[in-house]
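A quick write-up on the structure given underneath.
Residue numbers (my numbering), protein chains in the order written: chain A, 1 to 283; chain B, 1001 to 1308; chain C, 2001 to 2241.
Below, the structure is given as structure tokens:
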């Protein structure tokens, strides 16, 4: 029972990071960023690269990796997405192409074998009678800290208010003089940073291989749909729900069936209540 | 000559070239490449029919391709059925998948359809790996029996299939049904306000696009004599989309020709090996940015209008 | 005079705000009816409710007795109620005649053999006959308005809902449109319900005027009389032309 509580918390926190980033970009910039999983992968590989080749200490490597990926997100937004905005059709396509390019670049650069990234906390810790790796607990702590910081940022700073305003009414926000393009870039940077953070945290205990970004991104979709597209609150709640549901199934039935949990959840949501838990009901 | 005559002449010309091609450029290797080009043509044209006309992007065409291939593989290696059953069976399975994915999502506005198609292919790929005892895992199912004795025979079967499929899809596209699909692509709300049940049209178009994709998957399985999870990959989906873009979105025939051209071109890049995938993605980005109307269809449109 | 459209106690809420509050009115067959009201009065929302693009929280709409509320938008069109939009929505990429053909292909009225011919006929009737082969996006604003109406006419409506058809038109274009609307009403017996800001154009056409404000109907009757009512004057200080 305790195992489920703890491991469920770990997986939920990672899902929350991924889902919130994805829903933020969609809710604010109306952009479907299909390269979201790539940011996750780049966070992990960036850390790997900097600890092995550059021999940087882990904390430095990790922080740098997240910042670089965030910058990459901003660049992608500026160079590839902004020019296509308004034509409607092609943006998701282009981000998907970027995702493929990144996956292939990782494959060519690092090969297809699984890579090892060192843990922040190597030791195991006893929690509630369960032996948990320190890294996993660290993941939970950092994830929720990061999300809390994000909440503070959005609700207490000027840039954060700009983000909120844009997500509610783009035209009104423009009239008030909010620099729309810059806010979009900021949101993409934040989203990429969240995904990269997830990658950095989980790299030590999940597999690091070039295609590692796809399934987490699909999970993020599922969570965002269940929680309600554009709703950060919804993403967090759905991340907890799905994370725990998966852990439960993994323990009680088998790990093979965990994929079907999110599949079932999405299907049910789309059929019964497409807007999701906290989404806005249209028509 | 009039545009209609030019189109017929073009079709005949294309078919003639493709019929004669393997007789001029001989060799098992080349026939294999040509056949692959034709199969990709089927996949790209079938993608373009739905996504090109209605504008609803399907990011997981690989779902139908892989489902078709695996259906052929199961029928042939596990149930020992005659290989010819693969073709209709694969088409039916693909259509079934299209209904499962399409019906809940196409009635919604928003990115649900796009996300669902991407997710469906990825999840099926994952399931193929998880249940490796049944599906052969990474390596897939091997030992599929060929459909016809000779590779040349299979080539002509694929050519016939491509021409027939493109002809049917073009006929639908040029019909009143195609007009409504294009109206949906232009402005779905206005199309509903003109009295059409746009969800039904989209679902049916999606299913119509799925069937050839599944059939192509079965042809592929009987060509390569194996079916693996790579057929469900995002790369396959993006390749198909790239081919349609190069060919000219919404033209259907453009996608087929774009597919053949790109397949041939990338075979020339064989030496570059793993760089092929990078190249495809880069091509897509370039086409989307600089030639969103594609290359093949606009070119043909210009050429065939010369005599008017 | 038979009742074509019957609206009973229609209400629509968005969150806590009532966009439409308990509206009831009826439209007799064969007349041109106008809807007037300041911005935000809920006029377009009313149209969305009547045509099935929005579902009301309360109330019902009936067309010749048939219940419209709760039906899909395309079903309502096939029952005989068509609309145009405030901002024109042509099918870009299709030609003018193809635009109208889409309307002609509505399930309740289509005839595959005569689709093209009927579309051309409608275009002639709306004065766009010589522009049939042009791409729709090449038309002027005035022509686009008429194209929207032509497309709606393809569905053989008994009731035609026009949302600010005169907005953005020059004096000449307005005259042409006015003549068209009158002709559709008198010669083809189409009942018209028209939202309009431009008072002059509205007063010249409408035989009956509904005035809305803040989601409610505040006046309903003969145009001259309605415009003199104190409630209307108050809501419309500085009525626009």
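Don't be surprised by glycine CBs; every beta carbon is placed ideally from N, CA and C.
Quiz item: Going by other Cβ atoms of all chains shown within 10 Å of its Cβ, with 16 needed for buried, is residue 246 (chain A) buried or exposed?
Solution: Within the first chain, residue 246 (chain A) is the residue found at index 246, counting from 1. Residue 246 (chain A) comes out buried.
Practice problem: Verify the CB distance criterion: does residue 99 (chain A) have a CB-CB separation below 9 Å to chain B? | Solution: Your numbering for residue 99 (chain A) matches position 99 in the first chain. It does; some Cβ of chain B falls within 9 Å.
Practice problem: Just the C-alpha distance for residue 1233 (chain B) and residue 1122 (chain B), rounded to the nearest angstrom, thanks. | Solution: As a first step, residue 1233 (chain B) is located in the second chain; it is residue number 233 there, counting from the start. As a first step, residue 1122 (chain B) is located in the second chain; it is residue number 122 there, counting from the start. So the alpha carbons of these two residues sit roughly 7 Å apart.
Exercise. Along the alpha helix (DSSP H) that carries residue 2018 (chain C), what are the first and last residues, could you check?
Key: Walking along the third chain from the start, residue 2018 (chain C) turns up at place 18. Counting along the chain, residue 2018 (chain C) falls outside any alpha helix (DSSP H), though it belongs to the beta strand (DSSP E) covering 2017–2028.
Quiz item: Is it right to say residue 2186 (chain C) is buried, meaning 16 or more other beta carbons lie within 10 angstroms of its own, or is it exposed?
Solution: Locating residue 2186 (chain C) in the third chain gives position 186, where the first residue counts as 1. Answer is exposed; the Cβ neighbour count stays below 16.
Quiz item: Mapping DSSP to helix, strand and coil, what is residue 177 (chain A)?
Solution: Position 177 of the first chain, counted from the start, is the residue given in the question as residue 177 (chain A). Of the three classes helix, strand and coil, the one that applies to residue 177 (chain A) here is coil, per DSSP.
Practice problem: Look up residue 1199 (chain B) in the DSSP assignment and say whether it is helix, strand or coil. | Solution: Against the second chain, residue 1199 (chain B) aligns to sequence position 199. Residue state, collapsed to three classes: helix.
Quiz item: Does the beta carbon of residue 1291 (chain B) sit closer than 9 Å to a beta carbon anywhere in chain A?
Solution: As a working note, residue 1291 (chain B) is residue 291 in the second chain. So no, residue 1291 (chain B) is outside the interface.
Quiz item: Using DSSP with H/G/I as helix, E/B as strand and the rest coil, what is residue 2239 (chain C)?
Solution: As a first step, residue 2239 (chain C) must be located in the third chain, where it is residue number 239. Only weak support is given to the placement of residue 2239 (chain C): the predicted model assigns it a pLDDT of 48, under 50, and the value that follows is read from those uncertain coordinates. Of the three classes helix, strand and coil, the one that applies to residue 2239 (chain C) here is coil, per DSSP.
Self-check item: Separation of residue 214 (chain A) from residue 111 (chain A), as counted between CA atoms
Solution: On the first chain, residue 111 (chain A) is found 111 positions in, with the first residue counted as 1. On the first chain, residue 214 (chain A) is found 214 positions in, with the first residue counted as 1. Their backbone Cα atoms lie some 17 Å apart in a straight line.
Practice problem: Starting from residue 2212 (chain C), trace the beta strand (DSSP E) both ways and give me its first and last residue. | Solution: Position 212 of the third chain, counted from the start, is the residue given in the question as residue 2212 (chain C). Element bounds for residue 2212 (chain C): 2208–2213.
Quiz prompt | Against chain A: residues of the segment 1165–1194 of chain B by CB proximity under 7 Å | solution = none
Quiz item: On the three-pair Cβ rule with 8 Å, is the segment 14–28 of chain A touching the segment 84–97 of chain A?
Solution: no
Quiz item: Excluding sequence positions up to five away, which residues of its chain have a Cβ less than 8 Å from the Cβ of residue 264 (chain A)?
Solution: In the first chain, the residue the question calls residue 264 (chain A) occupies position 264. Closer than 8 Å at the Cβ level, and outside the excluded window around residue 264 (chain A), lies no residue.
Practice problem: Say whether chain C places a C-beta atom closer than 9 Å to the C-beta of residue 1077 (chain B). | Solution: As a first step, residue 1077 (chain B) must be located in the second chain, where it is residue number 77. Closer than 9 Å: no.
Quiz item: According to the Cβ coordinates, are residue 187 (chain A) and residue 67 (chain A) closer than 9 Å?
Solution: Here residue 187 (chain A) corresponds to residue number 187 of the first chain, with the count starting at 1. Here residue 67 (chain A) corresponds to residue number 67 of the first chain, with the count starting at 1. Going by C-beta atoms, residue 187 (chain A) is not nearer than 9 Å to residue 67 (chain A).
Quiz item: Is DSSP giving residue 117 (chain A) helix, strand or coil here?
Solution: Here residue 117 (chain A) refers to the residue found at position 117 when the first chain is read from its first residue. Residue 117 (chain A) falls in the coil class under three-state DSSP.
Exercise. Could you say if the segment 1246–1266 of chain B and the segment 1290–1306 of chain B meet the contact criterion of at least three C-beta pairs nearer than 8 Å?
Key: yes
Quiz item: Any C-beta of chain B sitting closer than 9 Å to the C-beta of residue 92 (chain A)?
Solution: Along the first chain, one-based indexing puts residue 92 (chain A) at 92. Taking Cβ atoms only, chain B reaches closer than 9 Å to residue 92 (chain A), which makes this a yes.
Exercise. Compare the C-alpha of residue 2032 (chain C) against each of C:2154, C:2151 and C:2158 and name the closest.
Key: In the third chain, the residue the question calls residue 2032 (chain C) occupies position 32. The shortest Cα separation from residue 2032 (chain C) among C:2154, C:2151 and C:2158 belongs to C:2158.
Quiz item: Exposed or buried, which one is residue 1219 (chain B) when buried takes at least 16 other CB atoms within 10 Å?
Solution: Indexing the second chain from 1 puts residue 1219 (chain B) at position 219. Per the 10 Å Cβ criterion, buried.
Quiz item: Which term fits residue 1338 (chain B), buried or exposed, when burial requires 16 or more other beta carbons within 10 angstroms of its beta carbon?
Solution: No answer is possible for residue 1338 (chain B): it lies beyond the span of chain B, which begins at 1001 and ends at 1308.
Self-check item: Sub-9 Å separation of residue 65 (chain A) and residue 52 (chain A) beta-carbons
Solution: Within the first chain, residue 65 (chain A) is the residue found at index 65, counting from 1. Within the first chain, residue 52 (chain A) is the residue found at index 52, counting from 1. No, the pair does not count as a contact, with Cβ atoms beyond the cut-off.
Quiz item: Of the choices C:2035, C:2016 and C:2178, whose alpha-carbon is the least far from that of residue 2226 (chain C)?
Solution: Your numbering for residue 2226 (chain C) matches position 226 in the third chain. Comparing Cα-Cα distances from residue 2226 (chain C) to each of C:2035, C:2016 and C:2178, the minimum goes to C:2035.
Practice problem: Flag this pair as yes or no: are the beta carbons of residue 2116 (chain C) and residue 2097 (chain C) separated by less than 9 Å? | Solution: For the purposes of this step, residue 2116 (chain C) is identified with residue 116 of the third chain, where counting begins at 1. For the purposes of this step, residue 2097 (chain C) is identified with residue 97 of the third chain, where counting begins at 1. Contact: yes.
Quiz prompt | Local conformation of residue 149 (chain A) per DSSP, three classes | solution = Position 149 of the first chain, counted from the start, is the residue given in the question as residue 149 (chain A). In the structure shown, residue 149 (chain A) sits in a helix (DSSP, three-state: H, G or I).
Practice problem: May I ask which residues mark the beginning and end of the alpha helix (DSSP H) holding residue 63 (chain A)? | Solution: The residue you call residue 63 (chain A) lines up with position 63 of the first chain. Note, residue 63 (chain A): alpha helix (DSSP H), 58–76.
Quiz prompt | Under the three-state DSSP convention, the category residue 2194 (chain C) falls into | solution = To locate residue 2194 (chain C), count along the third chain from 1; it is residue 194. In this structure, residue 2194 (chain C) counts as strand in the three-state DSSP scheme.
Practice problem: State buried or exposed for residue 2037 (chain C), treating a residue as buried only when at least 16 other CB atoms are found within 10 Å of its CB. | Solution: By one-based count along the third chain, residue 2037 (chain C) stands at place 37. Classification of residue 2037 (chain C): buried, given that the 10 Å Cβ count is 16 or more.
Self-check item: Touching by the beta-carbon criterion (3+ pairs, under 8 Å), the segment 197–206 of chain A and the segment 130–142 of chain A
Solution: yes
Quiz item: When the Cβ atoms of the segment 1276–1285 of chain B are set against those of the segment 1063–1072 of chain B, are three or more pairs found closer than 8 Å?
Solution: no
Quiz prompt | Terminal residues of the beta strand (DSSP E) in which residue 2012 (chain C) lies | solution = Residue mapping note: residue 2012 (chain C) aligns to position 12 of the third chain, counting from 1. 2003–2014 is the extent of the beta strand (DSSP E) around residue 2012 (chain C).
Quiz item: Taking only beta-carbon atoms, is residue 1126 (chain B) less than 9 Å away from chain E?
Solution: Of the protein chains in the structure, A, B and C, none is chain E.
Quiz item: In its own chain, which residues sit with a C-beta less than 6 Å from the C-beta of residue 2184 (chain C), not counting the 5 before and 5 after it?
Solution: Numbered from 1 along the third chain, position 184 holds the residue referred to as residue 2184 (chain C). Closer than 6 Å at the Cβ level, and outside the excluded window around residue 2184 (chain C), lie 2190.
Exercise. Determine the extent of the beta strand (DSSP E) in which residue 169 (chain A) is found, giving its start and end residues.
Key: For the purposes of this step, residue 169 (chain A) is taken as residue 169 along the first chain, with counting starting at 1. Premise fails: residue 169 (chain A) is in no beta strand (DSSP E) and is neither H nor E.
Quiz prompt | residue 2060 (chain C): first and last residue of the uninterrupted alpha helix (DSSP H) it sits in | solution = Numbered from 1 along the third chain, position 60 holds the residue referred to as residue 2060 (chain C). Careful: residue 2060 (chain C) lies outside any alpha helix (DSSP H), inside the beta strand (DSSP E) at 2058–2063.
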